[in-house]
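K.L.:
So the sequence shown is numbered by numbering that gives the first Met the number 0: it starts at 0 and just counts up by one.
Don't be surprised by glycine CBs; every beta carbon is placed ideally from N, CA and C.
Following this message is one structure expressed as structure tokens.
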Amino acid sequence: MQSNKFKEMSNEDLVKAKKSLRSITYALGIMLVVLIILNIFLLFKKGFSPMIFVPVALLPIVIINISSIKKMKAELKLRGI
């Protein structure tokens, strides 16, 4: 279903969407790494906290975004861009 959406997009829209999704994914990934480091620090400092599960809960979003970026790259390669 998602690949059909990419096939319907124009070349410019697809390139723009890929760039924005890539930057959003990088930013989210960096924030997740920072959250993991802070949670490990807080785990040793104050003990268990439910905040430990926030990075784990947000990780599937990064995985889905990476998958979408790969599909966009494949569509751009198919178009010869």
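(1) Closer than 8 Å by C-beta to Leu27: which residues in its own chain qualify, once you throw out the five before and the five after it? Chain order, please.
(2) So, at 6 Å on beta carbons, what are the nonlocal neighbours of Met30 in its own chain, with the 5 sequence-adjacent residues on each side left out?
(3) Looking at Val20: is its Cβ nearer than 8 Å to the Cβ of Ile80?
(4) Mapping the DSSP letters down to three states, classify Ile35 as helix, strand or coil.
(5) Using a Cβ-Cβ cut-off of 6 Å (strictly less than) and excluding sequence neighbours within five positions of Ile51, which residues of its own chain qualify?
P.N.:
With the structure as the only source:
(1) Within the same chain, Leu27 has close Cβ partners Leu57, Ile60, Val61 and Asn64.
(2) Within the same chain, Met30 has no close Cβ partners at all.
(3) Sequence inspection shows Leu at residue 20; the Val mentioned does not correspond to that position. No.
(4) Three-state DSSP puts Ile35 in a helix.
(5) Closer than 6 Å at Cβ, skipping near neighbours: Asn38.
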